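S.K.: All residue numbers for the sequence shown refer to UniProt numbering, where the first residue is 1 and numbers rise by one. For glycine and all other residues, C-beta sits at the position ideal for the given N, C-alpha and C. Quick caveat: nothing in here was measured; it's all calculated off a predicted structure. Here's a structure for you.
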Amino acid sequence: MSNSEQQSFAERQILEQRARELAKSPEQDRVEESINTMVVELDDERYGLPISDINEIRPLDSFTPIPGVSSLWLGLFNLRSTLIPLLDLRVYLGLKPFPFNSKQTDEKVRKNSGYQKGQIIIVQKEDNLVGLLVDLVSEVKTIPLSKINAPLETISKKQKNVVRGLTSELITILDIQKLLEDPDLIIN
């Protein structure tokens, strides 16, 4: 065989090998399941709330306190002529209460122009709307389910019921529907 015949034969083998590889059915691309979250800050901790559970985000303007209810509930606020209960998510999760008009809040306002003095995440369970008071809505993040680890053993029993897990970026993923089913939130 001459050099040109050997080269032609080698080229044909390469082309046949490529054709065989291309003729194979492509393996299904693994589509990793993920969760789209709204990352919020509460007392310098980050929490992920599933976007599918969020109806709306509003700045904290005003609310009316309700006497005689649990300290978890701050009161009611008006949203387009509908009164909605407002839950202090900090208190629910065992953190310090929201610092209304405090120096700490004012410092955050100066440091981060996107920070508002509290934001309300409006969530829904069946026909009931509830407002969750958070310090700051910081970003939207898609988190692969495989990147959500089990919650820390040190969290409280109440938190274990509503925490789905923790990411390597220290974002605690909450289960809003379980939170809204908590019997401690029922107002008698």
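Between the stretch 36-50 and the stretch 126-141, are three or more C-beta pairs nearer than 8 Å?
M.R.: Yes, they touch.
S.K.: How would you label D61, buried or exposed, when you count the other beta carbons within 10 angstroms and need 16 or more for buried?
M.R.: D61 is exposed by the Cβ-count criterion.
S.K.: Consult DSSP for K125 and reduce its assignment to one of helix, strand or coil.
M.R.: Three-state result, K125: strand.
S.K.: Compute the Euclidean distance between the alpha carbons of I66 and N78, then round it to the nearest angstrom.
M.R.: Their backbone Cα atoms lie some 14 Å apart in a straight line.
S.K.: Which full runs of the beta strand (DSSP E) of 3+ residues lie inside the stretch 12-85, going along the chain?
M.R.: Segments of the beta strand (DSSP E) lying fully in the stretch 12-85: 34-42, 45-50, 54-59, 73-79.
S.K.: What residues in its chain sit with their C-beta under 6 Å from that of I51, if we drop five residues either side in the sequence?
M.R.: So the qualifying residues of the chain are N36, M38.
S.K.: Excluding sequence positions up to five away, which residues of its chain have a Cβ less than 6 Å from the Cβ of K111?
M.R.: Note that K111 scores a pLDDT of 49, beneath 50, so its modelled location is shaky; the value from the coordinates is reported in the next line. If we look at K111 and ignore the five residues flanking it on each side, it has no Cβ neighbours.
S.K.: Can you tell me the Cα-Cα spacing of E32 and K147, whole angstroms?
M.R.: Roughly 10 Å separates the two Cα atoms.
S.K.: Give me the DSSP bridge partner(s) of I143.
M.R.: I143 pairs with I35.
S.K.: For Q119, which beta-bridge partners are listed by DSSP?
M.R.: Note: Q119 sits in a beta bridge opposite P59, V134.
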